[in-house]
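Residue numbers (the working numbering), protein chains in the order written: chain Y, 1 to 388; chain C, 389 to 776. Where is the CB? At the ideal position from N, CA and C, for every residue including glycine. Model, not experiment: these values are computed from the prediction. In what follows, a single structure is set out as structure tokens and then discussed.
Protein chains: 2
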Amino acid sequence: MRASIIREILKVSSKPGIISFAGGLPAPETFPLKKFEQAMIEALRRDGTKALQYMVTEGFRPLKEYLCGWLRKQRIQGTPEQMLMTHGSQQGLELLGKIFINPGDSVLVEDPTYLGAIQSFNTFETKYVTVPMDARGMSPEAVEKALQRRPQVKFIYVVPTFHNPAGSTMTLERRQALIKIARRRRIPILEDDPYGLLRFKGKPLPSLYALAKGRGVVYMSTFSKLLSPGIRLGYILADQEIIDQLVLAKQPTDLQTNTLIQYAVYHYCKHGYLEKHLPLIIKDYAHRAQVMEEAIRRYFPRQVTFIEPEGGMFFWCTLPENINAGEVFKKALKKGVAFVDGSVFFANGGGKNTMRLNFTNCTDAAIRSGIQKLGGVLEDFIQGPGSR
Amino acid sequence: MRASIIREILKVSSKPGIISFAGGLPAPETFPLKKFEQAMIEALRRDGTKALQYMVTEGFRPLKEYLCGWLRKQRIQGTPEQMLMTHGSQQGLELLGKIFINPGDSVLVEDPTYLGAIQSFNTFETKYVTVPMDARGMSPEAVEKALQRRPQVKFIYVVPTFHNPAGSTMTLERRQALIKIARRRRIPILEDDPYGLLRFKGKPLPSLYALAKGRGVVYMSTFSKLLSPGIRLGYILADQEIIDQLVLAKQPTDLQTNTLIQYAVYHYCKHGYLEKHLPLIIKDYAHRAQVMEEAIRRYFPRQVTFIEPEGGMFFWCTLPENINAGEVFKKALKKGVAFVDGSVFFANGGGKNTMRLNFTNCTDAAIRSGIQKLGGVLEDFIQGPGSR
Chain Y
1 MRASIIREIL KVSSKPGIIS FAGGLPAPET FPLKKFEQAM IEALRRDGTK ALQYMVTEGF
61 RPLKEYLCGW LRKQRIQGTP EQMLMTHGSQ QGLELLGKIF INPGDSVLVE DPTYLGAIQS
121 FNTFETKYVT VPMDARGMSP EAVEKALQRR PQVKFIYVVP TFHNPAGSTM TLERRQALIK
181 IARRRRIPIL EDDPYGLLRF KGKPLPSLYA LAKGRGVVYM STFSKLLSPG IRLGYILADQ
241 EIIDQLVLAK QPTDLQTNTL IQYAVYHYCK HGYLEKHLPL IIKDYAHRAQ VMEEAIRRYF
301 PRQVTFIEPE GGMFFWCTLP ENINAGEVFK KALKKGVAFV DGSVFFANGG GKNTMRLNFT
361 NCTDAAIRSG IQKLGGVLED FIQGPGSR
Chain C
389 MRASIIREIL KVSSKPGIIS FAGGLPAPET FPLKKFEQAM IEALRRDGTK ALQYMVTEGF
449 RPLKEYLCGW LRKQRIQGTP EQMLMTHGSQ QGLELLGKIF INPGDSVLVE DPTYLGAIQS
509 FNTFETKYVT VPMDARGMSP EAVEKALQRR PQVKFIYVVP TFHNPAGSTM TLERRQALIK
569 IARRRRIPIL EDDPYGLLRF KGKPLPSLYA LAKGRGVVYM STFSKLLSPG IRLGYILADQ
629 EIIDQLVLAK QPTDLQTNTL IQYAVYHYCK HGYLEKHLPL IIKDYAHRAQ VMEEAIRRYF
689 PRQVTFIEPE GGMFFWCTLP ENINAGEVFK KALKKGVAFV DGSVFFANGG GKNTMRLNFT
749 NCTDAAIRSG IQKLGGVLED FIQGPGSR
């Protein structure tokens, strides 16, 4: 059901003439076409047939070695043996679900949480313990309380940095407290970090994995938001024991992640292109986020509150409680603007008065015009039509 | 368990100095490096950022249109709406398992059958109804008998053409009879056809899908054996209703198949390169198969029988009943030759006296020398050591 709702939203959003804040697509203008082509040619010419042959399920070792070095700079310590290359982060979620969840098991998630995670975990007939979050992330006290009622959760799934959909970032204190709680109860934390490096405001914070020195934390990330989502390349860093299980789970799923893509991305990284490229994306996103923020402040009724993101790709808005974002969506679409009705991100329902706005896939002009139109629709809902 | 056995076999087989008939790797010499590079550059230059962006789960429509035309020449009729692009055929098996199999359900498979299929279906706690096969494929009478005992099977999984591991091809009469049985009992047939175009002997036979005009047959194939396995690109052709379910099953699994690869393969195909390339692979495999066949006839004891393949990548050998192929494997490895102990391909056990030999990943000299050594080991087992 949920899958079909979001597919429906994205389908109508992609119609010509619609300004869409609905998707979660990175800005195509930031894709490094030339450099990636060079890396691809290098893979095909230098590595030759190896780049087109089957390879081990674990992934391409030189790329994993590069990534371990890259992560070390973020104080994330791990070895290539602790890493599995996946067909995007989405596959990482699916594989983790496969090894951790039996039908009827519970997992703890933020409310709201990443829709793709709900979709993956649903495959395993998962139940959800949901914990509310705010601009500072999920509250550890709320986690503690939830676990007192439901102590048997299989893991805690969390997107601590530049949350999708909520745009929020968990504070250092909350990170430390969460690790403490999880460790005391021996519950693994699954840290999903696709956006962590896309910070355009504020000071960098260590990941949960870095803070916990890897103990009890499974770390996931991806090239989707740094290089290209179409190449489907993500990775998981975890205890080797977990990785061994994931490898056995991945083998029947698809044998291995794309060989050629792994070789090409390796060459791309090896030349330092990823490091050089990152600031360009951040600059671009900082700009678009600012344009959207200014537009929201200008055009949205003051009753609509929002979380100001310090990075990532999303603004999260909360409407007055009596306003239904699903109804707003229908009206907005008629005016040519789309977004995602935030309720789809609540694993156990709720959030009817929330909206997710993506800012990385529209021009400045489209952002301004779309937010202005959406502001008008919201005004009608809040003040009654014709009030302006 | 089974997964770890085969991983172990492949690990020892890949040691330097070992002549390996163990893997299922296509000949790297046949990978069209230059043309594929050209297609890749075209994708990145012409399609630009679209080739690196997210795309719909269903797959790249122009590629699906090309494939429908390509399949039409094999009398396989279908529309792009009836096709899903997968991350290799292995993912196709997983997704089909997901939508068809509930824990404890049975599926009917050939004995032996493709190991990757067993591994995928095992994920869903599948039970197997196994039907023996010979050089002419699975016998319809045996299928009928098996279904009388266990009528509730969810589908019939079959590799009718150039079987892996058995190298055999189901005759036209048997194909027709199998379709009749399946139709009468309303059991879907899952036709796995990775090698169908790699015929180097005998006359082409229509696929089950073609014979059944698609009714009741799900057809799967892949670019792995025609272009490159490392690019992980396969497809499923089926009733649109099944495809719709597969799309919903794929979304939480990995969102979509690689965009860039789909664009590049489209350009590769569009230029007619696939058609031009195919005869080169066939010629290469015909030659290697002949070298292996001659070597087997020359060096194997006459008590060892084998199926003469008309295409594909494998020879299947049957030893006298009292000889254990696992023991032969150990001795052969000491002499520097590896193969796969055929028992791993039997879903319910058995086949202890069978061996699978791959001929597509060794030079002529290695094939001759490896078969000679293996012949010596077999001689020792059959005649007793030192008999020569």
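Mind checking who residue i pairs with in its DSSP beta bridge?
i	result
residue 236 of chain Y	Y/84 and Y/220
residue 357 of chain Y	Y/315
residue 726 of chain C	C/408
residue 693 of chain C	C/706
residue 401 of chain C	None, per the DSSP bridge assignment.
residue 130 of chain Y	Y/109
residue 546 of chain C	C/579
residue 184 of chain Y	According to DSSP, which records beta bridges pairwise, residue 184 of chain Y is partnered with nothing at all.
residue 390 of chain Y	This structure cannot settle anything about residue 390 of chain Y, because the visible part of chain Y is limited to 1 through 388.
residue 587 of chain C	C/699
Would you mind working out which of the options sits nearest residue i, comparing C-alpha positions?
i	options	result
residue 570 of chain C	C/731, C/546 and C/446	C/546
residue 132 of chain Y	Y/168, Y/106 and Y/202	Y/168
residue 242 of chain Y	Y/355, Y/92 and Y/171	Y/92
residue 493 of chain C	C/510, C/501, C/502 and C/645	C/510
residue 605 of chain C	C/453, C/626 and C/590	C/626
residue 586 of chain C	C/579, C/637, C/596 and C/677	C/677
residue 664 of chain C	C/684, C/423, C/527 and C/647	C/423
residue 706 of chain C	C/685, C/744, C/726 and C/671	C/744
residue 15 of chain Y	Y/337, Y/370 and Y/367	Y/337
residue 650 of chain C	C/632, C/451 and C/419	C/451
residue 765 of chain C	C/638, C/719 and C/534	C/719
residue 135 of chain Y	Y/174, Y/115 and Y/206	Y/174
residue 507 of chain C	C/528, C/526, C/484 and C/525	C/484
residue 760 of chain C	C/496, C/687 and C/642	C/687
residue 420 of chain C	C/749, C/662, C/736 and C/528	C/662
residue 400 of chain C	C/711, C/449 and C/717	C/717
Is the Cβ of residue i closer than 7 Å to any Cβ of chain Y?
i	result
residue 389 of chain C	Residue placement at residue 389 of chain C is flagged as unreliable, the pLDDT there being 48, under the threshold of 50; the coordinate-derived value follows with that caveat. So, not an interface residue.
residue 472 of chain C	no
residue 707 of chain C	no
residue 527 of chain C	no
residue 401 of chain C	no
residue 552 of chain C	no
residue 777 of chain C	Missing from the structure shown is residue 777 of chain C; chain C here goes from 389 to 776 and no further.
residue 500 of chain C	no
residue 467 of chain C	no
residue 511 of chain C	yes
Looking at the C-beta of residue i, does it have a partner C-beta in chain C at a distance below 7 Å?
i	result
residue 17 of chain Y	no
residue 120 of chain Y	yes
residue 89 of chain Y	no
residue 94 of chain Y	yes
residue 126 of chain Y	no
residue 28 of chain Y	yes
residue 260 of chain Y	yes
Count the other CB atoms, across all protein chains shown, that sit within 10 Å of the CB of residue i; report buried if there are 16 or more and exposed otherwise.
i	result
residue 294 of chain Y	exposed
residue 612 of chain C	buried
residue 29 of chain Y	exposed
residue 365 of chain Y	exposed
residue 693 of chain C	exposed
residue 283 of chain Y	exposed
residue 267 of chain Y	buried
residue 23 of chain Y	buried
residue 260 of chain Y	buried
residue 446 of chain C	buried
residue 610 of chain C	buried
In chain order, what residues of the segment 232-254 of chain Y put their CB closer than 7 Å to some CB of chain C?
Residues passing the 7 Å Cβ filter: 232, 248, 251, 252, 253 and 254.
Contact residues within the segment 340-361 of chain Y, judged by C-beta distance below 9 Å to chain C:
Of all residues in the segment 340-361 of chain Y, none places a beta-carbon less than 9 Å from a beta-carbon of chain C.
Which of the residues in the segment 439-465 of chain C, read from start to end, lie with their CB under 8 Å from any CB of chain Y?
So the close ones are 439, 440, 441, 442 and 443.
At a CB distance below 8 Å, what residues from the segment 418-440 of chain C approach chain Y? Give them in sequence order.
Of all residues in the segment 418-440 of chain C, 419, 421, 424, 425, 428, 429, 432, 433, 436, 437, 438, 439 and 440 have a Cβ within less than 8 Å of some Cβ in chain Y.
Which residues, in order along the segment 209-234 of chain Y, keep a beta-carbon less than 7 Å from a beta-carbon of chain C?
Listed by position along the chain: 228, 229, 230, 231 and 232.
By the 8 Å beta-carbon criterion, what residues does the segment 529-563 of chain C contribute toward chain Y?
Closer than 8 Å at the C-beta level to chain Y, one finds no residue of the segment 529-563 of chain C.
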